[in-house]
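Protein chains in written order, with my numbering: chain A, 1 to 473; chain B, 474 to 948; chain C, 949 to 1041.
Taking it in order: structure first as structure tokens, then the write-up.
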Ligand SMILES: [Mg+2]
Ligand SMILES: [Zn+2]
């Protein structure tokens, strides 16, 4: 089926990724570990823009940027430098943002996503390095605020801005693209996507080939989908009323789920870019081959391998390769038990229980997973008991072996069941006769007796089969 | 008027009395000053000097008082760039050169007056009022490091630091009859120097004699990993204190004697070159055809960089803040009221030169002309060891003479700005007097060849008397 | 020639408030300087590369090693306009 895109939706995304796994900021030695700390405690003369301070580039940040560029299939530029992007805003302590301009560290690239109608290539325009501004907090709403509080802890954090071509045709595709980016970045171990502000999205949206609006301030993927749905609807309605879409910047109000026009005088942007005189050029393309060689297996390749190597379903392969931690977890489990069983238990059961509790894969041990799967496949406990063990470990802790004992979850041995069946039949001659006469429900009475005798530890379905076999001779 | 005293005499005095007494005598002189050279004196200077005495400090500048231009950051000591917008700003950190000076045992006397944000040639644009020339109070001391030159000339400090973006050390050195060095770009860390035009400027020392310049350079020059443009290169400047110019090849750029040069200044500079010939050097004329365009190129680059460097002064984090009911209005009013006229003009011109539609015509064009100017130097300095010419085309002009005509003020920098475009070192030293006002000889060298420049300057000093004449002794 | 309107626009770009009376004076003074700058048009710069950095240095880096930040009270020591550890400014819009 070919996706028609009836409204001519075109979406391009600019994604700011904060490289919070670096130890220090882009141009100074302040720690990046500020997320739980007091405001303005991870700040020095450089990231506060004090007069006379000078930037020095974090070498590892450049290597992270190259790693990301390569993972997005981008070309790494021969020579680059930082520019000043001049504009005034209170979160910008120097009155300009240090960013890259004419020669971004990574040029054209591509990312493949699961589109509306199968695989779709989203072209990457560029990926460049820049510094994060500080964080503003409006006292009241942005429009009617009484004042602004400014915290510069975030100021100077390394950002990679990944700019795509307007290749996405629906909010769903945009969401898939974002998920894919996050997955790739997760593999590269350059950021912790769970930290606040780790990924921020600006979206360019147009319909029917008209002018585009830029939607800013999208802080979550869910938010991105909602903002896009709203913006597309707004543009369609405007076209329907015969009005023209104007090129403008709009602010996404997460609480109300709407986009608001930000058109003011400061819209007339003229950033007066020029090369940062306090930093010298970078010639780092020669580092790319070694970084490329050290690149981990990325999600697409891993998914392909999982399909081949473990013979799992496409759905399982996708679910198990989105996060590198989950993929690694799965492979450790799969090394010890049947990989197909492992896929079912990790992808369907364990991930479900973790998601329900908003927990990470780290919350459950590989050896415990192996133990649970072992107990079930060796027929020692029921599947249901396996799930119960996982829940118990997650909610109360403990080891599967102990929980099995404490809760008496072990299935009873066959001869005990056989004996119980024998006794139950002997004690229920009337019911046996009724059953043979066609009263099917009478069988339940006999199975019930078996369960009673085994104190419920027999598998009910198994007991039923055994009773039947005995009666029918 | 205190007699001029160099570092070696200071050290002798300290040995005889104490660092505290020496510092106290300078503070006393400063207290009686009427040239307005200092904006602030350091209230802990005496304490620091006492610390040198009791600690038995043996650093190369132990107990030597020094004056610092007010655009160099000093922990706990107000640093204003002579601007209202930085009123009350106290840096929480020391500039690299201040760390070096403190470690060497120098005692900071205070912060000297300057053209606001180092933008000027006269030290008249300071929010704290003009500094007067110690040789003639009706004249400017030059700029922008006017305070740093004037206090040395007036005996209020034996040595000082200035900064030179387009002549801001050499011009006041020439106008005040002292010695001032603009080192090679990258020689001294700019960390802590409040930027005017980053790609052009260097901190530079001022003193009454060449040997003191070398001593200061030995302390403040050197690699600093906090300044990405700092160059890692070892040098001992005091090794250059040799009275020997035999075989030195001097180039004299004819363009440095162009339109607007004072005849007497021209004559004094030729006399100086004649003196070098007597001392065993040789000279020849060289041509630097792009000198004419250096001034426009320099000003466009400086203003462009400045427009961005000064964007941080928005009233949000430090310094003066005007009222305004939203941030953008507050910032615009803060900047309108906090900056002086010349600073605003340069910010506007720089903003214009970088703005859409004009970027290539002005900014980019200037950088290309910069390449040509630099090539002039490369060519000339391939043939000779040093270049010589007048530092300033005239002696110090009168206060108020050029204040309302920015262009005429800019034109005074014609011989100093090409050096900053090329990044080469250059020194200004006294070479005579015109109507009682000192005249500076400029000696320019190759990148990182400060020692040849210093040796040439030292030799001239050893064989002439100009540097021994002090203000107040004018006949 | 820079016009009055351009002066006002540049004033806004540079966040320097300029009232109408001033913009005339600025225009005049800026034009005399721009006029002088115009002499660069005479220089043939075809095939001349720009000099952004006078020293030919590349790849100056810092190691990714944490250095101590400033204490909060020092960070905020140069302003009266603060609240609960934050800088405080007028609203943005
Ligand atoms: Mg950006
Ligand atoms: Zn910092």
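Where a beta carbon is used, it is the ideal one built from N, C-alpha and C, also for glycine.
DSSP beta-bridge partners of residue i
i: residue 332/A; result: Residue 332/A is not bridged to any residue.
i: residue 248/A; result: 213/A
i: residue 695/B; result: 661/B
i: residue 235/A; result: DSSP output for residue 235/A lists no bridge partner at all.
i: residue 871/B; result: 612/B
i: residue 419/A; result: Its beta-bridge partners do not exist; DSSP assigns none.
i: residue 203/A; result: 13/A, 215/A
i: residue 900/B; result: 654/B, 916/B
i: residue 119/A; result: 114/A
i: residue 1010/C; result: 58/A
i: residue 637/B; result: 675/B
C-beta neighbour in chain A for residue i, strict 8 Å
i: residue 987/C; result: no
i: residue 1040/C; result: yes
i: residue 1024/C; result: yes
i: residue 564/B; result: yes
i: residue 657/B; result: no
i: residue 961/C; result: yes
i: residue 827/B; result: yes
Helix, strand or coil at residue i according to DSSP, with G and I counted as helix
i: residue 253/A; result: strand
i: residue 180/A; result: helix
i: residue 44/A; result: coil
i: residue 725/B; result: strand
i: residue 493/B; result: helix
i: residue 467/B; result: In the structure as shown, chain B begins at 474 and stops at 948. Residue 467/B is therefore absent and cannot be evaluated.
i: residue 185/A; result: helix
i: residue 31/A; result: strand
i: residue 940/B; result: helix
i: residue 832/B; result: helix
i: residue 138/A; result: strand
i: residue 683/B; result: helix
i: residue 290/A; result: helix
i: residue 852/B; result: helix
i: residue 915/B; result: strand
i: residue 980/C; result: helix
i: residue 1000/C; result: coil
i: residue 277/A; result: coil
i: residue 131/A; result: strand
Proximity test, Cβ basis, 8 Å: residue i and chain C
i: residue 98/A; result: no
i: residue 766/B; result: yes
i: residue 281/A; result: yes
i: residue 803/B; result: yes
i: residue 773/B; result: yes
Anticipated Cβ contact below 8 Å, residue i with residue j, distance rounded
i: residue 793/B; j: residue 811/B; result: 5 Å
i: residue 928/B; j: residue 717/B; result: 7 Å
i: residue 823/B; j: residue 776/B; result: 3 Å
i: residue 685/B; j: residue 480/B; result: 5 Å
i: residue 200/A; j: residue 16/A; result: 4 Å
i: residue 623/B; j: residue 631/B; result: That belief does not hold up - the Cβ atoms of residue 623/B and residue 631/B are roughly 14 Å apart, past 8 Å.
i: residue 70/A; j: residue 291/A; result: 6 Å
i: residue 673/B; j: residue 570/B; result: Incorrect: roughly 17 Å between the Cβ atoms, too far for contact.
i: residue 538/B; j: residue 495/B; result: 7 Å
i: residue 982/C; j: residue 955/C; result: At roughly 11 Å, the Cβ-Cβ gap does not stay under 8 Å, so residue 982/C and residue 955/C are not in contact.
i: residue 592/B; j: residue 658/B; result: About 19 Å separates the two Cβ atoms, so there is no contact after all.
Below-8 Å beta-carbon distance, residue i vs any chain B residue
i: residue 141/A; result: no
i: residue 135/A; result: no
i: residue 977/C; result: yes
Every unbroken beta strand (DSSP E) within the stretch 369-401 of chain A, with a cutoff of 3 residues, ordered by chain: none
Minimum length 4: unbroken alpha helix (DSSP H) runs contained in the stretch 729-815 of chain B: Taken in chain order, the unbroken stretches of alpha helix (DSSP H) that lie wholly in the stretch 729-815 of chain B and span 4 residues or more are 736-751, 764-782, 800-811.
Residues from the stretch 549-576 of chain B in contact with chain D, defined by Cβ distance under 9 Å: You won't find chain D in this structure, because its protein chains are A, B and C.
Inside the stretch 498-580 of chain B only - alpha helix (DSSP H) runs reaching at least 4 residues: Taking only runs of at least 4 residues, the alpha helix (DSSP H) segments lying wholly in the stretch 498-580 of chain B are 518-528, 569-576.
Any alpha helix (DSSP H) of 4 or more consecutive residues that is wholly inside the stretch 34-88 of chain A: 59-71
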